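Position one of the sequence shown corresponds to residue 111 (the numbering used here), numbered consecutively onward.
The beta-carbon is built from N, C-alpha and C at its ideal position, and this holds for glycine as well.
Every value quoted in this text rests on a predicted model; they were computed, and no experiment measured them.
For reference, the structure is listed below as structure tokens.
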Amino acid sequence: MDYYAIVHNDFDGTASVAVYARAVKSLPKNVWFTEPTKVHNILSKLEPRGVYNVMIADLGLNESTFDKIVESCKKLIDQGVKIQWFDHHVWKEEWKSKLSEIGVEVHHDTSTCGAGVVHKVMNPDDEFSSKLASADCSVDIWLHNDPMGEKLRRIVESNKDYGWKKKLIETFYNGILWNEEFQKILEDQVDQELKGYQKLPKYYRVIEINGVKVVVAIRWKGPPDISYAAQYLMTRTGAKVFVSANGKAISFRSSTINVRLFAAKLGGGGHPLAAGASLKIPLIYRILRRIGIISPANKWVCNVVTKVISDVGFKEYQQKDITQH
111 MDYYAIVHND FDGTASVAVY ARAVKSLPKN VWFTEPTKVH NILSKLEPRG VYNVMIADLG
171 LNESTFDKIV ESCKKLIDQG VKIQWFDHHV WKEEWKSKLS EIGVEVHHDT STCGAGVVHK
231 VMNPDDEFSS KLASADCSVD IWLHNDPMGE KLRRIVESNK DYGWKKKLIE TFYNGILWNE
291 EFQKILEDQV DQELKGYQKL PKYYRVIEIN GVKVVVAIRW KGPPDISYAA QYLMTRTGAK
351 VFVSANGKAI SFRSSTINVR LFAAKLGGGG HPLAAGASLK IPLIYRILRR IGIISPANKW
411 VCNVVTKVIS DVGFKEYQQK DITQH
């Protein structure tokens with residue numbers, strides 16, 4: 111089957127395409143890796159060119175671009191294109207209804223990751239896809255229940271190039287979950303991470319909100335990845351929540367607290383244990399950060415975080431939180 115794939119620019123997006131490809135026994139004619147805020151641009155410019163199937167996966171919807179997405183999807187469907195959308199982020203019921211009404215085949219399930227949704231719908235009996243989806247979900251929705259997830263995430267994100275992700279899709283499509291090349295990359299990545307951990311003290315501080323410790327960090331260049339740094343710093347400091355800001359956005363991580371509530375307070379969203387929102391640090395603090403003066407930006411973010419968490423309060427994560435729409 112000929113088809114195009116439009117997916118998130120991460121491990122989950124890559125795994126979603128691979129699982130879908132195994133289900134339809136065909137690699138995509140083309141893949142677009144993008145962000146939820148940009149998917150409408152791709153859809154508006156997409157031309158069938160003889161390909162009348164489009165799969166979209168691991169891409170949530172944005173209120174500000176939803177109407178444009180509907181318009182573009184309808185235009186493609188009117189040209190005879192079949193669109194399947196697989197996602198696990200929080201959607202409004204009206205979004206699902208509107209897309210379904212114009213002919214989009216919507217598969218939405220917040221209990222799993224993007225690849226997990228594709229696997230459930232397209233090929234639930236494929237053992238390899240089950241293993242790949244399990245590894246992916248382990249890190250994507252912060253379950254940390256499959257060691258292979260920690261390894262594969264490092265492999266996928268070791269190289270941001272389009273060609274690398276395309277190669278990985280082909281590798282997974284062929285039923286290869288691990289090989290010697292992956293092992294070498296993993297060893298190199300871990301070496302870089304170990305060196306990176308030594309520089310972290312400059313970028314974070316620990317604050318206490320209502321008796322609970324929270325780590326607040328300003329994003330650094332290079333490894334370790336935010337998720338790995340979050341686990342490391344929370345364990346080291348005894349904090350229950352990790353917060354990271356890069357100047358334009360803020361991320362929340364936890365193993366026990368529903369941090370999606372904090373992100374939602376700032377207009378964002380995500381998963382109960384891993385969420386984020388837009389947050390623009392004042393220009394003067396961003397300039398200071400570029401020349402190595404981190405403290406002012408960190409202090410500003412700490413103030414924002416303190417207010418948000420004080421307003422929302424700490425809510426312990428419950429398994430049911432992951433299935434709430």
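**Item:** Cβ neighbours of G357 in the same chain (closer than 6 Å, five flanking residues each side left out)
**Value:** I391 and R396
**For F352, the residue or residues it bridges with in DSSP** = In the DSSP output, where bridge partners are listed per residue, F352 has V325 and R363.
**Message:** For a test of the three-state rule: what should DSSP assign to N192, helix, strand or coil?
**Reply:** Note that residue 192 is Lys in the sequence shown here, rather than Asn. K192 falls in the strand class under three-state DSSP.
**Request:** Can you give me the start and stop residues for the alpha helix (DSSP H) that E215 sits inside?
**Result:** First-last for E215: E215 to H218, but that is the beta strand (DSSP E), not the alpha helix (DSSP H).
**Asked** Using the C-alpha atoms, what's the distance from I116 back to H217?
**Response** Cα to Cα, the separation comes out at about 15 Å.
**Asked** Is it buried or exposed for Y314, if we count other Cβ within 10 angstroms and need 16 for buried?
**Response** buried
**Asked** So which of L156, V134, I319 and A167 has the shortest CA-CA distance to I187?
**Response** The candidate whose alpha carbon is nearest that of I187 is L156.
**Request:** Have a look at V214 and R346 and give me their C-alpha separation to the nearest angstrom.
**Result:** 47 Å
**Request:** Could you check what DSSP says for F424 in three-state terms: helix, strand or coil?
**Result:** coil
**6 Å CB neighbourhood of Q434 in its chain, flanking five on each side removed** = Model confidence at Q434 stands at a pLDDT of 45, short of 50, so the residue's coordinates are unreliable; what they give is reported in the following sentence. So no residue of the chain qualifies.
**Message:** I'd like the list of long-range same chain contacts for V411, defined as Cβ closer than 8 Å, with 5 residues on each side in sequence excluded.
**Reply:** The answer, listed in chain order, is V326, I328, V353, A355, I360, L389 and I391.
**Item:** Residues near T416 by beta carbon distance below 7 Å, same chain, minus five either side
**Value:** I317 and I319
**Asked** Where does V316 fall in DSSP's three states?
**Response** strand
**Item:** Nearest neighbour of I419, chosen from S210, V141, F372 and K305 [CA to CA]
**Value:** F372
**Asked** Ordered along the chain, which non-local residues of its own chain (more than five positions away) have a Cβ less than 7 Å from that of D256?
**Response** S244, A245 and S248
**Request:** Would you list the one or two residues that DSSP bridges to T144?
**Result:** H118
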